[in-house]
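So the structure is just underneath, and the comments pick up after that.
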Amino acid sequence: MSQSQVIVGGTLLDGTGADPVKGAMVVIENGEIVFAGKESARGLPRDAARIDASGASILPGLMDVHVHISLNAPADLVAEVVGRPLGQVAFEVAANLRQTVAAGVTTIRTVSDLAHLDIAARDAIRKGIAIGPRIHPCGKGLTTTGGHGQLLPCWLCQSHGELSEVVDGVDAIRRAVRLQVQAGAAWIKLFQTGGVVDPEGRIDAEEFTPSEFAAAVETAHTAGLPVAVHAHNRAGILRSIAEGCRSIEHGMHFDEECAAAARAKGAYYVPTLTVMNRIIRHGAQAGIPDYMIKNVRERLTKHHQYVKHAFDIGVGLACGTDAGSLLTPHGSAGREVAHFVDCGLSVPQAVSAATLVSARMLKAEDKVGSLAGGKRGDAIVVEGDVMADVRRLEVAGNMRAVMVDGRVVARAGHALS
Ligand SMILES: [Zn+2]
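Sequential numbering of the sequence shown, starting at 1, is according to the working numbering.
And the structure:
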């Protein structure tokens with residue numbers, strides 16, 4: 001097979017937020033992009049395998065930086081965690097990875113998964129024994145006893161634990177961070193506030209004490225790992241930013257003060273609009289308790305306004321969907337892009353959030369995140385004009401081709417074997 005590929009004839013959205021380029025061409029040699037721009041600026045390379053992009057849009061592979069790859073978008077998270085033997089979960093992870101790339105998502109960050117399967121998935125993909133996106137795994141998130149990340153009630157436990165590591169106390173939390181490092185995690189995830197699935201106003205409370213939280217962040221940073229924090233309320237968000245955490249997850253109360261602090265410290269905002277929208281749209285029919293739907297509904301309008309304000313003042317806005325969690329399918333990054341547009345971003349800006357900005361958050365922008373010379377050949381060819389209808393990105397079947405490292409891994413919504 002030829003070592004060179006050329007994607008030719010479509011409209012290029014390169015991930016930088018720049019205006020689209022019609023009649024574009026992307027040339028990839030040995031997995032690396034050597035040219036991306038107007039076709040007329042350079043002749044067609046000879047002997048290159050040709051991917052026809054006429055009538056289509058060419059984008060960098062999408063990124064989803066808030067994924068639970070070991071969950072399958074259930075309506076009942078507790079049943080999901082206790083209802084499956086671990087071996088079955090492992091096979092489902094393999095299927096979820098394929099569903100992810102089939103939908104044009106070529107990089108994910110996992111933010112708490114069962115039994116370190118996210119780390120195993122990363123390594124299996126690197127070895128070429130599984131198909132899937134690039135993975136930046138957190139391993140198990142850290143939560144307090146009774147915290148948001150503890151899904152199982154106190155009378156239930158299982159041999160491989162649950163989605164999160166349940167820890168209390170400064171020494172315990174240091175050790176829990178180190179266990180993730182030992183397992184091969186690339187990030188540390190902390191649950192610092194309640195969430196929309198918690199009853200009784202817990203979304204407005206914090207969970208780790210100040211000394212526990214600081215110890216966790218210090219231990220992670222000592223090991224060279226960035227920290228992602230589940231934080232909805234202002235106190236949790238501001239604490240996370242002040243301690244130097246790199247990303248704020250969900251952040252339904254990410255107000256002007258939070259945005260100013262994030263910009264000053266270079267923290268990223270991952271608002272996960274998709275899961276909130278899924279809960280509102282499908283929650284009642286799926287049987288999700290009323291208080292969860294109410295938790296989201298009460299905050300949704302402000303959440304969208306906070307996203308636009310944060311973007312406007314220059315906070316890095318990254319694309320995370322909470323795929324795998326409540327009613328949110330794997331491969332949903334295109335939905336998040338559309339929600340960014342609903343918030344008031346232009347299509348190139350929204351695509352950039354889901355590509356180059358997310359890559360910067362992951363410190364991977366030297367390799368991926370935009371279609372430019374010197375980067376890896378992670379690209380998608382999407383049927384039709386994404387500028388005219390951004391919702392094309394929501395449908396896996398619209399992905400004419402999905403490439404990772406210059407290799408086609410999916411076509412028309414199906415991962416290749
Ligand atoms: Zn999540």
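All C-beta atoms in this analysis are idealised placements derived from N, C-alpha and C, irrespective of residue type, glycine included. None of the values given here were measured: they were computed from a predicted structure.
- In the DSSP assignment, residue 5 falls within the unbroken beta strand (DSSP E) covering 4-12.
- Nearest in C-alpha terms to residue 312, of all of 345, 292 and 302, is 345.
- Taking C-beta atoms under 8 Å as the contact rule, residue 272 and residue 250 qualify, at a distance of about 5 Å.
- The three-state reading of DSSP puts residue 20 in coil, since its state is none of H, G, I, E or B.
- In this structure, 170 is the residue among 125, 135, 170 and 155 with its C-alpha nearest to the C-alpha of residue 144.
- For residue 236, the CB contacts under 6 Å within the same chain, skipping 5 residues up- and downstream, are 192, 193 and 206 in chain order.
- Membership of residue 136 in the beta strand (DSSP E) is indicated by the continuous run 134-137.
- One residue after another in chain order, those with a Cβ under 6 Å from a heavy atom of ligand 1 are 66, 68, 111, 322 and 325.
- Here residue 307 carries a helix assignment [DSSP, helix/strand/coil].
- In this structure residue 46 is exposed. Its beta-carbon is surrounded by fewer than 16 other beta-carbon atoms within 10 angstroms.
- Listed as beta-bridge partners of residue 93 by DSSP are no residues whatsoever.
- The Cβ atoms of residue 246 and residue 213 do not sit closer than 8 Å to each other.
- The C-alpha of residue 108 is placed about 14 Å away from the C-alpha of residue 336.
- Proximity of the segment 361-379 to the segment 321-335 falls short of the contact definition, fewer than three beta-carbon pairs being nearer than 8 Å.
- When only Cα atoms are considered, residue 137 and residue 385 end up about 33 Å apart.
- The segment 89-96 and the segment 404-411 do not touch, with fewer than 3 CB-CB distances between them shorter than 8 Å.
- Of the candidates 168, 139, 293 and 201, the residue whose Cα lies closest to the Cα of residue 189 is 139.
- Under the three-state reduction of DSSP, residue 118 is assigned to helix.
- Distance between residue 82 and residue 114, taken at the CA atoms: about 11 Å.
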